[in-house]
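Engineer: Line by line, the protein sequences are chains V and A. The number in the working numbering is simply the position in the first sequence, starting from 1, with 500 added. The number in the working numbering is simply the position in the second sequence, starting from 1, with 149 added.
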Amino acid sequence: MATITPAVETHGHEHDHAHGHHEQTFIQKYVFSTDHKVIGIQFLITTLLMLMVGGALALAVRWQLAFPWENMPIVGKLFGVFQGEGGQISPEFYTMLFTMHASVMIFLVIIPVLAGAFGNFLIPLQIGADDMAFPVLNMLSYWFMWPAMFCFGYSFIAGGATAGPANGWTSYPVLSDIASASPSSGEAQTWWLFGLTLVGVSSMMGSVNYMTTIINMRAPGMTLFRMPLTIWSMFITAILQAFALPVLTAAGFMLVFDRLHTLLPTSIHSVFFVPAGLVVNNAAPTVGGGQPLLWQHLFWFYSHPAVYIMLLPAMGMVSDMLACMCRKPVFGYKPMVYSMAAIAGLGFIVWGHHMFTSGMNPALGMTFMTSTMMIALPSAIKVFNWIGTIWDGNIQFNAVFLNCAAFVALFIVGGLSGIFMAAVPVDIYFHDTYFIVAHFHYVLFGATLFGVFAGVQFWFPKMFGRQMHDGVQKVHFVLTFIGMNGTFFPMHLLGIAGMPRRYADPYLHGYLEHLLPMNQFMTISAIVMGFAQFLLLGNFFYSMFYGKKVGRNPWGANGLEWSAPSPPGHGNFDVPPVCYRGPYEYSGPEAVALGQDFILQTTAPPAGVKVAAGHH
Amino acid sequence: MKKFWALFFWFWPLVALYVCLIAPGRNWWFPSKPLSTLGHQIDGLFYLILIIVTVTFVGTEFALGYALWKSAVSEPGKKAWFSHGSHKLEIVWTIVPAFVLVFISLTQLDVLADIRVLSRFPESVKEAPVAEVMARQFEWRIRYPKPGTELMTSPQPGDLYFVNEVHVPAAVPTMINLRTQDVQHAFFVPRLRVKQDAVPGLIIPVWFEIEEAGDYELLCAELCGWGHYKMKARIVAESPEGVSAYLTRLEREQNEDGVQEAETASVK
């Protein structure tokens, strides 16, 4: 089903400016905008800034691991905050650092930048719609991020600055459940849970919007198999969000109810996750009846699909960008679609691989191992197809391409390291060691984030009508690539050496002492990598105002978005788009006939020429 | 410049490989050879996967670099290969990895069962665990049964207690009951390749057979609070006689009440 979008003025929108060119106030146009492009850019800027916050937290973690118990540079002397510890990172502060690093990166950076920023900006443009199906809901999905960020931030005040949420982003009860278990398990943990729930609300709103828009609002001729892989990935991701997130929300509510009596003494006090008879830190024995493992099952039932939510959109975008930069079609378009669907589907039945040592029934270990091994297969197929896409291409060696090639190269590492952990006996050794940390940083940073860097540069001209400076992006790429590998590759070796995660001072244990120099090298690499991000931010904000101006299609790409003006006005398209072909007909006979190596999906074929319907 | 990028993408995997090759020599590798019977199987599976993964890594990264190189050295503006894919290739690179992955999982199942499934534990250990290891913020509390009796789930008069040190017999299959007094912890002995989460409300049997006498580091491997990093303990594996002697000494010390009486049984 596709709707024809008429010219700019009249829409199905029933809100303030449904009548002609109504002058919008600054607030309506740029703050509480319902225009998907503005909302997408709002998400993008917010998440880029939160990236720096999450990165700063990580650098503090790295500082402690390289120079244990030494005074923190710069912030060590911050008045009032670290006085009690004399400028050092205290053990409880350390537990907060890695908790908030992960929480910020996962919930305030990666998930919103992929779905919120790129999903919002690209979906209507790439399918030929004038906006999302539910523009007001869209606006709300962005603005719900701010109360979420407020809750995460307030948890520091509630708990005291050195006792922010500190029970891991995984927040396992009983540690996160009982107030006496840790200094952060009082109010701070409850506010963290509120923040998490609000992020979930924002995601859910987005997911509903994206599914509806993609199903209902495609331009004429845009069949499902003529959609760019970006749209397929956003669609599949939205389905994942819709089915998985309610489980996390439910679990979050259960944990809040377990804990609410610490915030409001006469309120509800459930014990979903607390068995009877525990004596935590000399508090009164627990009343109990609950099961700690229940949280793990509910949490991972969402959080495993979440990792695919944090990967699939980047996979889709990279496919689009590689086809464009290699001037040839995506190799194996349908296998790519089916692989993404398989990853998503299988992603629902592998959550137990986070729990192999948890004490759950070993028979479950066997079933989860098999499904986890199988999920490597569609990922492998995608890697082969990306290499096939690049093969024999006319490669444009710009920073967009380099970041996409890095995506493939580093995703290979992340995917292969996953196989060790999928094997249960081997995972018994690697669970909760740095091997796991290496794995997920390769897939989240090496793959997703490099895909985001590429996407920012690739779609920047469409967002702002100007180009980012490619030379600066190339320097950013080299520094980030080297820094990233210097930081995270050695973590595989640390894991093999048996260095556990979440340790403020691993060198207390004799068999780990010799790993200090390696950790120092990793910290220096991380610092280089962290500061390199200022190049990206600087290039981004500078180019927004002073970058070289470009027209509709500076890259010679095929998607519908490149037929709209740069930046598109309200309603997106000045000529209602009709789709005549698939998204990747680079260097094909139709393009060559026009004397180019690309042909927009919206370019009508010469009269009398029959264009194959759908995609082969 | 284009060739530079192609070489860049060939260079970094070589660096990664080199680092992995020199790693064992520099002790950036397992803390020791596995010193338990199950540990040997775990390491064996690890090396099997390592070989498969290394071959795949080299193959794919080389192919990626080669794709870049090919374009970098071709004449500028050469038209790209207009191909939508190859059905045959898709079949090949679906079936082959699928077989490899299924093969890997099948080789793991037996070992997994040996480690975890109670009915496959050695007969001798199922009779009685040698000790109860109770994790707590931030220490390991050990409870041995009174010598000559079996360990009961609840503490018995005559049970012997110690903290952060577990004495077990070497070269004999041994089982401990893992519990926790408060939050989740995990019993991790790297040299033995043993790891098991301690779950509040559960008693989890963990078995192992330590091959050589000696001291083995025991640490916590599940975030349990600010002191997670300092739950340092050790497993002392010695001959069964040595363990008996230790327990006898422990019993005597525990029942010591300062009264010096020759030849009298201690007051309990």
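Ideal Cβ positions, reconstructed from N, Cα and C, are used throughout, including at glycine.
Taking Cβ positions only, does Gly234 (chain A) come closer than 8 Å to chain V?
Structural biologist: yes
Engineer: Quick one: any contact between the stretch 322 to 331 of chain A and the stretch 909 to 924 of chain V, if contact means 3 or more CB pairs under 8 Å?
Structural biologist: Taking 8 Å as the limit for Cβ pairs, the verdict is that the stretch 909 to 924 of chain V does not touch the stretch 322 to 331 of chain A.
Engineer: What's the C-alpha gap between Lys962 (chain V) and Gly1082 (chain V)?
Structural biologist: 20 Å
Engineer: Roughly how many angstroms separate the alpha carbons of Val508 (chain V) and Phe868 (chain V), rounded to a whole number?
Structural biologist: Legend: pLDDT at Val508 (chain V) = 42, less than 50; position of this residue unreliable, value from coordinates given subsequently. Rounded to the nearest angstrom, the two C-alpha atoms are 52 Å apart.
Engineer: Suppose contacts are defined by Cβ-Cβ distances below 8 Å. Is Gly914 (chain V) in contact with Tyr942 (chain V) by that definition?
Structural biologist: yes
Engineer: Taking Cβ positions only, does Tyr310 (chain A) come closer than 8 Å to chain V?
Structural biologist: no
Engineer: Distance cutoff 8 Å, beta carbons only. Does His377 (chain A) sit that close to anything in chain V?
Structural biologist: At least one chain V Cβ lies under 8 Å of His377 (chain A).
Engineer: Can you list the residues of chain A that Lys827 (chain V) reaches, using a CB-CB cut of under 7 Å?
Structural biologist: Reading off the sequence shown, one finds Arg at residue 827 (chain V), where the question assumed Lys. Under the 7 Å cutoff, chain A gives Ala229.
Engineer: Which residues in the same chain as Leu902 (chain V) place their Cβ atom closer than 6 Å to its Cβ, once the five residues preceding and following it in sequence are excluded?
Structural biologist: Phe977
Engineer: Taking only beta-carbon atoms, is Pro271 (chain A) less than 8 Å away from chain V?
Structural biologist: no
Engineer: So which residues of chain A does Gly668 (chain V) contact, with C-beta pairs closer than 9 Å?
Structural biologist: Residues of chain A passing the Cβ test: Leu372.
Engineer: Are the C-beta of Val332 (chain A) and some C-beta of chain V separated by less than 8 Å?
Structural biologist: yes
Engineer: Can you give the Cα-Cα distance for Met825 (chain V) and Asp1097 (chain V), rounded to whole angstroms?
Structural biologist: 11 Å
Engineer: Going by DSSP in three states, Ala370 (chain A) sits in which element: helix, strand or coil?
Structural biologist: coil
Engineer: Using Cβ-Cβ distances below 9 Å, what residues of the stretch 1076 to 1099 of chain V are close to chain B?
Structural biologist: Absent from the structure is chain B; the protein chains it does hold are V and A.
Engineer: Any contact between the stretch 872 to 886 of chain V and the stretch 831 to 847 of chain V? By contact I mean 3 or more CB pairs, one from each, below 8 Å.
Structural biologist: The stretch 872 to 886 of chain V, when compared against the stretch 831 to 847 of chain V, does touch it at the 8 Å Cβ threshold.
Engineer: Note down the Cα distance separating Ser680 (chain V) from Trp646 (chain V), rounded to an integer number of angstroms.
Structural biologist: 30 Å
Engineer: Taking the C-alpha atoms as reference points, what is the distance between Ser273 (chain A) and Gly193 (chain A)?
Structural biologist: 25 Å
Engineer: Comparing the C-beta of Phe211 (chain A) with each C-beta of chain V, is any distance below 8 Å?
Structural biologist: no
Engineer: If I measure Cβ to Cβ from Arg383 (chain A) and keep anything under 8 Å in the same chain, skipping five residues before and after, which residues do I get?
Structural biologist: Asn313, Glu314, Val315, Asp364, Tyr365, Glu366 and Leu367
Engineer: Whose Cβ in chain A lies nearer than 7 Å to the Cβ of Met866 (chain V)?
Structural biologist: Leu258 and Leu261
Engineer: What did DSSP end up calling Arg1052 (chain V) once you bin it into helix, strand or coil?
Structural biologist: coil
Engineer: Do Thr329 (chain A) and Met283 (chain A) count as a contact pair if the criterion is CB distance below 8 Å?
Structural biologist: Using a Cβ distance threshold of 8 Å, Met283 (chain A) and Thr329 (chain A) count as a contacting pair.
Engineer: Going by beta-carbon coordinates alone, are Ile768 (chain V) and Thr857 (chain V) separated by less than 8 Å?
Structural biologist: no
Engineer: Should Ala922 (chain V) and Thr872 (chain V) be called a contact, given that it needs their Cβ atoms to be closer than 8 Å?
Structural biologist: Judged by their CB atoms, Ala922 (chain V) and Thr872 (chain V) are nearer to each other than the 8 Å cut-off.
Engineer: Using the Cα positions of Pro813 (chain V) and Ala280 (chain A), report the straight-line distance between them to the nearest angstrom.
Structural biologist: 51 Å
Engineer: Assuming the contact rule is C-beta atoms closer than 8 Å, Met968 (chain V) and Gly1047 (chain V) should be a hit. Round their C-beta distance to whole Å, please.
Structural biologist: Sure, about 6 Å apart at Cβ, within 8 Å.
Engineer: Can you list, in chain order, the residues of its chain with a C-beta nearer than 6 Å to that of Lys828 (chain V)? Leave out the 5 residues immediately preceding and following it.
Structural biologist: Gly893, Tyr1086 and Ser1087
Engineer: Does DSSP put Ser684 (chain V) in a helix, a strand or coil?
Structural biologist: helix
Engineer: Write down every uninterrupted run of the beta strand (DSSP E) in the stretch 852 to 889 of chain V whose length is 3 residues or greater and which is fully enclosed by it, in chain order.
Structural biologist: none
Engineer: Using a Cβ-Cβ cut-off of 8 Å, state whether Asp1005 (chain V) counts as contacting chain A.
Structural biologist: yes
Engineer: Can you check which of these residues, V:Ala648, V:Ala558, V:Tyr672 and V:Ser707, is closest to Trp691 (chain V) by C-alpha distance?
Structural biologist: V:Ala648
Engineer: With a cut-off of 8 Å, do at least 3 Cβ pairs link the stretch 649 to 657 of chain V to the stretch 727 to 740 of chain V?
Structural biologist: no
Engineer: Tell me, please, whether the stretch 798 to 813 of chain V touches the stretch 842 to 854 of chain V by the rule of three or more beta-carbon pairs shorter than 8 Å.
Structural biologist: Verdict: yes, contact present.
Engineer: Report the partner residues of Lys381 (chain A) according to the DSSP bridge assignment.
Structural biologist: Bridge partners of Lys381 (chain A): none, in fact.
Engineer: Entirely within the stretch 272 to 309 of chain A and at least 3 residues each: give me those beta strand (DSSP E) ranges in chain order.
Structural biologist: You should have 280 to 285 and 288 to 293.
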